[in-house]
Amino acid sequence: MIAFDFKNQVAVITGGSSGIGLATSKLFAACAARVVCVDLKAPAEPVERARYVEADVSNFDQVHDCVGNILTAEKRIDCLVNNAGISRDTTIWKMTENQWDAVLNVNLKGAFNFIHHLAPHFREKNGGKIVNISSINGMRGKFGLTNYSASKAGLIGLTKTVAKELGRYNVNVNAVAPGYVLTPLTQKLPDKIITQAKNETVFGRLAKPEDVANLILFLCSDLAKHITGEVIKVDGGQYI
Numbered sequence: 003m004i005a006f007d008f009k010n011q012v013a014v015i016t017g018g019s020s021g022i023g024l025a026t027s028k029l030f031a032a033c034a035a036r037v038v039c040v041d042l043k044a045p046a047e048p049v050e051r052a053r054y055v056e057a058d059v060s061n062f063d064q065v066h067d068c069v070g071n072i073l074t075a076e077k078r079i080d081c082l083v084n085n086a087g088i089s090r091d092t093t094i095w096k097m098t099e100n101q102w103d104a105v106l107n108v109n110l111k112g113a114f115n116f117i118h119h120l121a122p123h124f125r126e127k128n129g130g131k132i133v134n135i136s137s138i139n140g141m142r143g144k145f146g147l148t149n150y151s152a153s154k155a156g157l158i159g160l161t162k163t164v165a166k167e168l169g170r171y172n173v174n175v176n177a178v179a180p181g182y183v184l185t186p187l188t189q190k191l192p193d194k195i196i197t198q199a200k201n202e203t204v205f206g207r208l209a210k211p212e213d214v215a216n217l218i219l220f221l222c223s224d225l226a227k228h229i230t231g232e233v234i235k236v237d238g239g240q241y242i
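In our numbering, the protein residues as written are 3 to 242.
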């Protein structure tokens, strides 16, 4: 068994209070990292070795202050996981401007905000790991998910470009593209949607948040030090 050791490292995880973000926070903490969960609400149960910071990822100025406060308290940030995401599903002809803006502002602009404000720190320390949580629906499109799919496709472009820009500073930038995952967000979907998603997989089951967290941890480890600009699916074969 490979043991991951993140002792003395600081991991910032947006949307870290539930779903994939919570599972990732717990996994990093179990590997001795100091974890900062950034979300609009605290986890239902405290995570050992993790602390919660309230911030709206879509707000440029709030993220600036959030990053500054974390650096003041922790003195360093080693890993950034841009996981915060929302959905406002409907067809393009029914979608309101507010529904479009809300999803793009959290899912895509939120990642930009954190990368923008953390880039100087990563450049100065000559190293860092960034993992953006995209989706297979940003690669293939999905009926009724125009805003969500566009935001997740945008994350792929952001990932590849930032990988080029920060590579000279030894910063690895990758994206994880989950299929449907059993999270509070997806569990609100109609049963027929869940069944359809299960049938799309080759295993006949949906991923658990921990399945995605495992890949995120790997991409932030030294085992992945020569991987950057990649988009890796965790979908049980949904995309095949």
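Where is the CB? At the ideal position from N, CA and C, for every residue including glycine.
Looking only at its own chain, which residues have a Cβ that is under 8 Å from the Cβ of residue i, when we skip the five neighbours before and after it?
i	result
Val204	Gly238, Gly239, Ile242
Would you kindly report the start and end of the unbroken beta strand (DSSP E) that includes residue i?
i	result
Cys222	Element bounds for Cys222: n/a, residue is neither H nor E.
Gly231	It is not in any beta strand (DSSP E) - Gly231 carries neither H nor E in the DSSP assignment.
Ala13	12-16
Asn84	81-84
Gly130	130-135
Asn176	173-180
For the alpha helix (DSSP H) containing residue i, list its first residue and its last residue.
i	result
Ala1	A question about residue 1 goes unanswered here, because the residues of the chain that appear run from 3 up to 242.
Ala113	112-127
Identify every residue that forms a DSSP beta bridge with residue i.
i	result
Cys68	Answer is none; Cys68 lacks a bridge partner.
Asp41	Glu56
Less than 7 Å between the beta carbons of residue i and residue j, yes or no?
i	j	result
Val183	Asp80	no
Ile289	Val178	The structure shown does not extend to residue 289, since the chain spans only 3 to 242, so no value can be given for it.
Gly87	Pro211	no
Arg51	Val38	no
Roughly how many angstroms lie between the CA atoms of residue i and residue j, to the nearest whole one?
i	j	result
Asn217	Gly130	Per the sequence shown, the amino acid found at residue 217 is Leu instead of Asn. Approximately 17 Å, taken between the alpha carbons.
Ser223	Trp95	44 Å
Asn201	Gly23	25 Å
Pro48	Asn85	19 Å
His119	Leu160	15 Å
Gly146	Asn10	43 Å
Lys77	Asn71	10 Å
Leu168	Ile132	10 Å
Leu187	Lys144	16 Å
Using a Cβ-Cβ cutoff of less than 7 Å, which residues in the same chain neighbour residue i once the five nearest sequence positions on both sides are dropped?
i	result
Ala44	Ser19, Tyr54
Val108	Val59, Ser60, Ala86, Gly87, Ile88
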